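Visitor:
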Amino acid sequence: MNSNEIDIHKELKKYFGFSQFKGLQEQVVKTLLHKDNTFVIMPTGGGKSLCYQLPALIQEGTAIVVSPLIALMKNQVDAIRSLSSENGVAHVLNSSLTKTEIAQVKADITSGITKLLYVAPESLTKEEYVAFLQTVPISFVAIDEAHCISEWGHDFRPEYRNLKNIIHQLGAVPIIGLTATATPKVQEDILKNLDMSD
42 MNSNEIDIHK
52 ELKKYFGFSQ
62 FKGLQEQVVK
72 TLLHKDNTFV
82 IMPTGGGKSL
92 CYQLPALIQE
102 GTAIVVSPLI
112 ALMKNQVDAI
122 RSLSSENGVA
132 HVLNSSLTKT
142 EIAQVKADIT
152 SGITKLLYVA
162 PESLTKEEYV
172 AFLQTVPISF
182 VAIDEAHCIS
192 EWGHDFRPEY
202 RNLKNIIHQL
212 GAVPIIGLTA
222 TATPKVQEDI
232 LKNLDMSD
């Protein structure tokens, strides 16, 4: 699907009921639809999640959303499911799932139903998940709370530093990094770590 052919305002209304974008949302959505890497600093409540949810819903493939907060992931999955007739449109993949649940998640991704797959960074480091994700179309990878990548950040998580290597294994997929706060030093560190200097 060509990004020029998509009426993103129509899609915004269809999925989220809004008639216009807030702040930088439209620019970010367009960048992601063009398959370009993008880095977003937006205050909490500024509509960060829509920046990746909308492109994920209207593109082919599954978007991987990396987030450190399990409760937040579950809330987002519930919210996305309420927008769709398909329960499998969004899933969380983490260590609390049973084998049966994991099989269901994989089946929904393989059949193209799942548009958003929320994972904790430590789940994404599991070889079996990486091997599986290499076999399915990935639209992009969104890294929420991207400041966790930086050792200079207030919330550094070592497993976030390794995300770049895992993403590279998935092929040439666009990356969107999002955070509410990042000093210039932290921003530079994130961009360098993710190879997003462009």
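Going from the sequence shown to the numbering used here is simple: count from 1 and add 41. Yeah, the Cβ is synthetic: ideal placement off N, Cα and C, and Gly gets one too. Keep in mind it's a predicted model, so treat the numbers as computed, not measured.
(1) Along the chain, where does the alpha helix (DSSP H) containing L204 start, and where does it finish?
(2) Report the residue ranges of all alpha helix (DSSP H) runs contained in full by the stretch 91 to 123; include only those spanning at least 4 residues, in chain order.
(3) Kindly list the residues whose CB is nearer than 6 Å to the CB of A161, restricted to its own chain and excluding five residues on each side of it in sequence; keep chain order.
(4) Please classify G86: is it buried, with 16 or more other beta-carbons within 10 angstroms of its beta-carbon, or exposed?
(5) How is S164 classed by DSSP in three states: helix, strand or coil?
(6) Along the chain, where does the beta strand (DSSP E) that runs through T79 open and close?
(7) For G88, which three-state DSSP category applies?
(8) Between the alpha carbons of D77 and I143, how many angstroms are there, rounded?
(9) Less than 9 Å between the C-beta atoms of E192 and T166, yes or no?
(10) Tell me whether the stretch 113 to 124 and the stretch 68 to 82 touch, counting them as touching only if at least three CB pairs, one residue from each stretch, are closer than 8 Å.
(11) I111 and V133: beta carbons closer than 9 Å?
(12) On the DSSP letters alone, give me the boundaries of the alpha helix (DSSP H) that H50 sits inside.
Guide: Quick answer:
(1) As a working note, residue 204 is residue 163 in the sequence shown. In this chain, the alpha helix (DSSP H) harbouring L204 covers 204 to 210.
(2) Runs found: 111 to 122.
(3) In the sequence shown, residue 161 corresponds to position 120, counting from 1. Excluding sequence neighbours, A161 sits near N135.
(4) Translated into the one-based positions of the sequence shown, residue 86 becomes position 45. Flag for G86 reads exposed.
(5) Counting from one through the sequence shown, the residue named residue 164 turns up at place 123. S164: helix per DSSP, three-state reduction.
(6) If you number the sequence shown from 1, residue 79 lands on position 38. Looking at the DSSP string, the run of the beta strand (DSSP E) that includes T79 is 79 to 82.
(7) Within the sequence shown, numbered from 1, the residue matching residue 88 stands at position 47. Three-state DSSP puts G88 in coil, outside helix and strand.
(8) As a working note, residue 77 is residue 36 in the sequence shown. As a working note, residue 143 is residue 102 in the sequence shown. Distance between the alpha carbons of D77 and I143 is about 30 Å.
(9) Numbered from its first residue, the sequence shown carries residue 192 at position 151. Numbered from its first residue, the sequence shown carries residue 166 at position 125. Not in contact: E192 and T166 (Cβ atoms no closer than 9 Å).
(10) No, the stretch 113 to 124 does not touch the stretch 68 to 82.
(11) Stepping through the sequence shown from its first residue, residue 111 is reached at position 70. Stepping through the sequence shown from its first residue, residue 133 is reached at position 92. Result yes, Cβ atoms of I111 and V133 sit closer than 9 Å.
(12) If you number the sequence shown from 1, residue 50 lands on position 9. Start and end: 49 to 57.
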